[in-house]
């Protein structure tokens, strides 16, 4: 695991965006060889999306040959609802970049047959050659995507009922009315994300600190599903100072000491203009 | 990228680098157009996996719905009230020229005239949508060839078929209701408040109400607005019957008091022709027609709109501000432009009279009575914003959204909602017109 610690949210977002940018540019995607990217939603990755849009506007990256697979979507929420993950991705990312709509995949929470939808999604990922880089976040209860505490660590894309913690955490997007928050979601499984070549988890804010502690300083445990990535060969956790508040001083000092190594991944920052 | 057409083969245009007037604010958003209407890009992306065929860089311009002028008597030498043989050509000529002012739809206005003039002029112009040939003459909301939804308010529908569905009070039936195009200002107006209208052609209502109107006008098929004085005996039934036919009834050139005006509103009147001009002045014990702006006797759910000629001449800026502050959502900018608009100073004809241009003023020849304005719609928008201190969004809505709401053609016109007609005006920071589009096609550009 690489634990990359930046001073604040903005710097963490920027580091993550630079890393994604470098990975895509280095990969040199083309019509025969797409770069497959797994994507999250929520407030944590927002800053990262903003930076990626900025890089696109400056002509430094293109999403023309990038295929994206989002992690999750609510069940039963109309797609045009402002809080649906389709709306989030459109407004905060897709509408600002040059991605081909046919390559932007999001689970359909209004599908006739939800199980079939989940299986078809796994199929699409397989057909795309697997995910090159899966970007995700972490819930306050340590979940990745909607793999709530107790989810199998080898699970695949499926329907999940949301935990109380998650519903409460999401209520702020639904006018703080718990009754309006969807109770079920389609989500990629822990196993699905583990299949990716590389996983990058973004964690910012003090309210995520305990979950980060459980995820990396305790054992692999299905109650804190992000801990599964301790067994993935290539994981990066990108966080801000606040998110490290529950970690041991020793852990933080060690990884801060490695920042000069980590920064080689984003410095120099690459551009398609130079290719 | 491979072909993106799944719902339609029509090309998609994306206006980028612009600020659009939507939801009562200027938003930094792209505007997407297909088949002459505003398109929902999110639906396009997810449902059709579609993308734009053509991008238009607006250079930071403001995009507003095309302006709608509900009171314009002519211009560039054309006088709509002249009973000539080629009225249609005249209307088309003006329609094309006013594209330069950002006007994409208008109601050609006829001042008080003898019946022969109405009988000759009205049938010559069939209302139509706009295009590269010029602005649309407001009227039939429905295309003659295609069945479309009529966007008249249900309460004003007098179609023969019962509505099959209703959403938000808007009738969604294909009843081919003629929402006509002309604005007939007179002859049923007050002699005391005739303004520049010729006295000898003024009329009063005879018994038989609407039939008498039909005798005078000949036909009401392509009429959008009728201005009348409600104090004339017999007006109540006329107002009611016109409203039921879907024609907007406007109060103007009238000496009515407030209660007469309120009575007319209750019968269906919904507009005031050039507020303050040709009516009794506001008095604190009888506010007259002006009092409608704050009347508490307006039926629930109804709005009284009022035209303002914001040319700096017809109304003192302080009066304009009073009206605006009292009832901002009802303000409709009109030009009341006359034949001489767009022409050099001198003498010209208007209806049955001669008028004289002096600078920015147009008088009845030999008097100091204002006979109309020569301001253009974009000048009115700028002037209104400047003297009222209102926001850019309010100034633009007074020339687009409000007239569309008045005529019951919103949101098809007057808005940039998904599904609205793509009649657009591109403006710079100073609200000067840079380009005009009708149904998504560029019909005028500055400098060309």
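Residue numbers (the numbering used here), protein chains in the order written: chain A, 758 to 1032; chain B, 842 to 1289. The beta-carbon is built from N, C-alpha and C at its ideal position, and this holds for glycine as well. If you're wondering where the values come from, they're calculated on a predicted model, not measured in any experiment.
Here residue 788 of chain A is exposed. Its C-beta has fewer than 16 other C-beta atoms within 10 Å. Chain-order list of chain B residues neighbouring residue 843 of chain A: 883, 887, by C-beta distance under 8 Å. For residue 1271 of chain B, same chain residues with a beta-carbon under 8 Å away, outside a window of 5 residues either side, are 1223 in chain order. At the C-beta level, residue 956 of chain B and residue 921 of chain B stay beyond 8 Å of one another. Counted as a single uninterrupted DSSP element, the stretch harbouring residue 998 of chain A is not any beta strand (DSSP E), since DSSP gives it neither H nor E. Within 10 angstroms of the beta-carbon of residue 1244 of chain B lie 16 or more other beta-carbons, which makes it buried.
Of A/938, A/974, A/852, A/776, the smallest CA-CA separation from residue 835 of chain A is found for A/938. Beta-bridge analysis with DSSP links residue 1112 of chain B to B/1091, B/1146.
At least 8 Å separates the beta-carbon of residue 1071 of chain B from that of residue 1119 of chain B. In the DSSP assignment, residue 913 of chain A falls outside any beta strand (DSSP E) and carries neither an H nor an E. About 16 Å separates the CB atoms of residue 1173 of chain B and residue 942 of chain B; that is not less than 8 Å, and the two are not in contact. For a Cβ distance threshold of 8 Å, residue set 858 of chain A lies close to residue 891 of chain B, ordered along the chain. Any Cβ of chain B closer than 8 Å to the Cβ of residue 852 of chain A would place that residue at the interface, and such an atom is present. Here residue 922 of chain A is actually not in contact with residue 928 of chain A; their C-beta atoms are around 11 Å apart, not less than 8 Å. Contact annotation: in the stretch 808-836 of chain A, residues whose CB is within less than 9 Å of a CB in chain B are 821, 836. Between residue 1030 of chain B and residue 1066 of chain B, the gap from beta carbon to beta carbon reaches 8 Å or more. Under the Cβ criterion of 8 Å, residue 847 of chain A is counted among the residues facing chain B. Secondary structure at residue 919 of chain B: strand, using DSSP grouped into helix, strand and coil.
One alpha carbon belongs to residue 1062 of chain B, the other to residue 961 of chain B, and they sit about 14 Å apart. Contact between residue 1075 of chain B and residue 1050 of chain B holds: their C-beta atoms lie close to 6 Å from each other, under 8 Å.
It is roughly 16 Å from the alpha-carbon of residue 1140 of chain B to the alpha-carbon of residue 1113 of chain B. The beta carbon of residue 848 of chain A sits closer than 6 Å to none of the beta carbons in its chain outside the five residues before and after it. For residue 772 of chain A, no pairing in a beta bridge is given by DSSP. In the structure shown, residue 926 of chain B falls within a coil segment according to DSSP collapsed to helix, strand and coil. Under the three-state reduction of DSSP, residue 839 of chain A is assigned to coil, being neither helix nor strand. Of the residues assessed, residue 796 of chain A falls on the buried side of the cut-off, its CB having 16 or more other CB atoms within 10 angstroms.
Here residue 795 of chain A carries a strand assignment [DSSP, helix/strand/coil].
Taken through DSSP and simplified to helix, strand or coil, residue 941 of chain A comes out as strand. For residue 948 of chain B, the three-state secondary structure derived from DSSP is strand. The alpha-carbon separation between residue 1133 of chain B and residue 1099 of chain B amounts to approximately 7 Å. Residue burial annotation: residue 1055 of chain B is exposed, with fewer than 16 other C-beta atoms found within 10 angstroms of its C-beta. Residue range 1242-1248 is occupied by the alpha helix (DSSP H) that includes residue 1248 of chain B. Per DSSP, the beta-bridge partners of residue 825 of chain A are A/794, A/861. At least 8 Å separates the beta-carbon of residue 829 of chain A from that of residue 926 of chain A.
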